[in-house]
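Everything on this sheet refers to the single structure shown next.
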Amino acid sequence: MRIVFATAELSPVATVGGLAAAAAGLTSELRRQGVDVEILLPDYGDVELADEAWVPLDVPEWASPAGIRVGTHPVCGRLHLVSVPGMARPHPYLQPDGTGWPDNDARFFAFARAVASWVQMSHPEVVHLNDWHTGAALAALVDGPPTILSIHNLAYQGNAPAWWLSRLGPRAEHFEWFGGTNPLSGAIALADRIVAVSPNYVGEILTPEGGFGLDGALRSRADDLLGVLNGIDTDVWDPATDPHIARTFDADRLEDKAANRTALCDRLGLADDGIPVATVVTRLTHQKGIDLLEPLVPVLDQVPVRLAVLGSGDAELAGRLHVAASEHSHSFVFVEGYDEALSHLMFAGADLYLMPSRFEPCGLTQMQAMRYGAVPVVTAVGGLVDTVPDVDEHPRTGRGVVARRPDPVELCAALFRASRRVGDRRRATTLRRRGMGVDWSWKQPAGEYLALYADLAPAG
Ligand code: ADP
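Sequential numbering from 1047 applies to the sequence shown in my numbering.
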């Protein structure tokens, strides 16, 4: 079976958030399972390919000139890097000051149009689109192959002015959205199947609270909407072989995890004195709820917990976290930045892993944390509900501690429960082993996608 998989992000060549990890993890597992996957990624400019060939694309004048660099990348394998006007930039979406590129609509509409041209040229059996960046491809595809749209985060929709409608293609009217152009609403209307990245997220996006204005559009497609939980790359996230951590360990050598806690505390300037260490690895955005932790910082001693946050994003929030860390340096550390190597030690050294998300389509870090024996403390949203049953509610199957609502009081209560739980060594070991024993890999999710492809293109 041959599928076209279009995405704006792909680890490690174009990484912004979970979409990059999901695209890389799913496509490599699909290839392992025998699917011929053509990955179409925007050509942001600095990726070198071996055995490179150039394929020109026939697109309308506004998306021209367009073409594809096809070749092999040492980590990602075969790649189709789509070149359209204005795409090559140092960051996929953001200017150096952290705001979006003003022409992101033109860049990604052109990318989507180029994807459509490639599909028209190459006749794959299934087209798999991801998020708003790729959605407008469906405006140009008439009588094309079956299509799937995966929604990784409904909060980002790529809204653009209405005049785009006259450019996108014959099915552009589906993209008209309250006086503008919405690439996600059109793709929701036109894709043959819509996948949300966790089963619980499906329920949320059908409600006005979680639908970001598109819940009605999604409700009208409810019969074609399903949830497939993301996986993680269990080769990269493997405490038994991880080169970034102080000492490797596994579920049977949990005592070696302690060396990582010592190394983490040393690195961050925290005392390693038996008080549970909770970590957070995150983008600093409203979604992630890191601001909800600010009122907690002064009471961490009473919980008791030491808290370390590694995060990048919102500069104002980062500034406040720096201040909180300077005022409570014995119990709270903030490291600003995106640091992959340190993130591994943050999982390996953690007793607890905290996710105060306001919403979380799937969430990867709770799975990464459990793989490293850190007990997750999460809010009851999105994929966190699917992956972290509360241990007090489900004593035999629970994997972590759940705060009912994303607010500081609930989070404090959850941290308190979690601190008690990991303070009891025997009970902590049971819980850590339970999380480590789950297969968090892409094997099962890729199987579910494969079944979907086969359902849509039975002859494949
Ligand atoms: P989202 O895609 O919403 O940012 P996810 O939990 O789905 O959140 O995925 C985020 C991915 O990015 C995880 O693999 C996480 O380890 C990584 N990550 C996020 N922030 C950082 C950071 N500051 N430093 C290193 N890795 C990070």
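Positions of the beta carbon are idealized from the N, C-alpha and C atoms, including for glycine.
Note that this is a predicted model, so its numbers are computed, not measured.
- By the neighbour-count definition (other C-beta atoms within 10 Å, threshold 16), R1307 is a buried residue.
- For L1398, the enclosing beta strand (DSSP E) stretches over residues 1398-1401.
- The count of Cβ pairs closer than 8 Å, one atom from the stretch 1212-1230 and one from the stretch 1166-1186, reaches three, so the stretches are in contact.
- Distance from the CA atom of W1283 to the CA atom of A1070, rounded to whole angstroms, is 14 Å.
- In the three-state scheme derived from DSSP, where H, G and I count as helix and E and B as strand, H1126 is classed as strand.
- Nearest Cα to L1275 within the set W1488, P1504, T1061: W1488.
- Collapsing the DSSP output to three states places N1199 in coil.
- Rounded to the nearest whole angstrom, the C-alpha separation of T1253 and A1449 is 21 Å.
- The nearest non-hydrogen atom of the ligand ADP is less than 7 Å from the C-beta of L1356.
- Only residues of its own chain outside the window of five on either side were considered, and among them A1324, V1326, V1423 have a CB closer than 6 Å to the CB of L1400, listed in chain order.
- Per the Cβ contact rule, the stretch 1369-1388 is not in contact with the stretch 1469-1488 (fewer than 3 Cβ pairs under 8 Å).
- A residue is called buried once 16 or more other Cβ atoms fall within 10 Å of its Cβ, and T1443, having fewer, is exposed.
- Across the structure, H1119 and V1093 are spaced so that their CA atoms are roughly 8 Å apart.
- At the C-beta level, R1417 and I1278 come within 8 Å of one another.
- Ranked by how close their Cα comes to the Cα of L1211, the residues W1164, P1229, R1267 have P1229 in first place.
- For I1197, the closest of A1054, E1382, P1148 by C-alpha to C-alpha distance is A1054.
- Apart from the 5 residues on each side of it in sequence, R1329 sits with its Cβ closer than 8 Å to the Cβ of G1063, G1357, S1358, G1359 in its chain, given in chain order.
- Contact between the stretch 1080-1097 and the stretch 1158-1174 is present: 3 or more CB-CB pairs across the two stretches fall below 8 Å.
- The Cβ neighbour count for Q1412, taken over all protein chains shown within 10 Å, is at least 16; the residue is labelled buried.
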